[in-house]
Amino acid sequence: MKTKKNAIFFAILAAALYAVNIPMSKVLLRFVQPTMMAAFLYMGAGVGLFFCGVVTKEKGEKLTKAELPYTVGMIVLDIAAPILLMLGLKRTDSANASLLNNFEIVATAIIALMVFKE
210 MKTKKNAIFF
220 AILAAALYAV
230 NIPMSKVLLR
240 FVQPTMMAAF
250 LYMGAGVGLF
260 FCGVVTKEKG
270 EKLTKAELPY
280 TVGMIVLDIA
290 APILLMLGLK
300 RTDSANASLL
310 NNFEIVATAI
320 IALMVFKE
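According to my numbering, the sequence shown is numbered sequentially starting from 210.
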């Protein structure tokens, strides 16, 4: 039962942090360049995952050669996505950014369903 409560807590925490991401980034973009803001976001995610790894001490599976092209593609897109997000966020108002961010979730679900059959 404790595992279920932990999962619910972390799901709510993730949703709350995701919701705060755009408004806080919009405020901070007044003082920081978009590429640096994207770097800060990834640095924060990396620090958080580091501490999760320290706490759980679990080892992941090793990547195979067949997975290499997908991994490289994911890395390239994961570098480009937050940079483009911050560049767009700097150029639009908060309401449009919020609507587009919510649409991203729906679009991702539709792509997962239609393309990957998930």
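Note that the Cβ used here is the ideal one computed from N, Cα and C, for glycine as well.
This structure is a prediction, so every number in the text was calculated from the model and none was measured.
Return yes when the Cβ of residue j is within less than 8 Å of the Cβ of residue i, no when it is not.
{"i": "residue 296", "j": "residue 231", "result": "no"}
{"i": "residue 286", "j": "residue 280", "result": "no"}
{"i": "residue 245", "j": "residue 234", "result": "no"}
The alpha helix (DSSP H) that contains residue i, what's its start and end?
{"i": "residue 313", "result": "303 to 323"}
{"i": "residue 282", "result": "277 to 300"}
{"i": "residue 264", "result": "243 to 265"}
{"i": "residue 226", "result": "211 to 237"}
Quick check on this structure: which residue in the options has the alpha carbon closest to the alpha carbon of residue i?
{"i": "residue 236", "options": "276, 261, 327 and 306", "result": "306"}
{"i": "residue 226", "options": "244, 257, 264 and 270", "result": "257"}
{"i": "residue 242", "options": "294, 319 and 326", "result": "294"}
{"i": "residue 313", "options": "238, 228 and 267", "result": "228"}
Taking the C-alpha atoms as reference points, what is the distance between residue i and residue j?
{"i": "residue 308", "j": "residue 276", "result": "34 Å"}
{"i": "residue 322", "j": "residue 310", "result": "19 Å"}
{"i": "residue 284", "j": "residue 292", "result": "13 Å"}
{"i": "residue 216", "j": "residue 222", "result": "10 Å"}
Would a check of beta-carbon distances place residue i closer than 8 Å to chain D?
{"i": "residue 254", "result": "Of the protein chains in the structure, only one exists, and it is not chain D."}
### Task
Evaluate contact between the region 299 to 306 and the region 247 to 260, counting only Cβ atoms and requiring at least three cross-stretch pairs below 8 Å.
no
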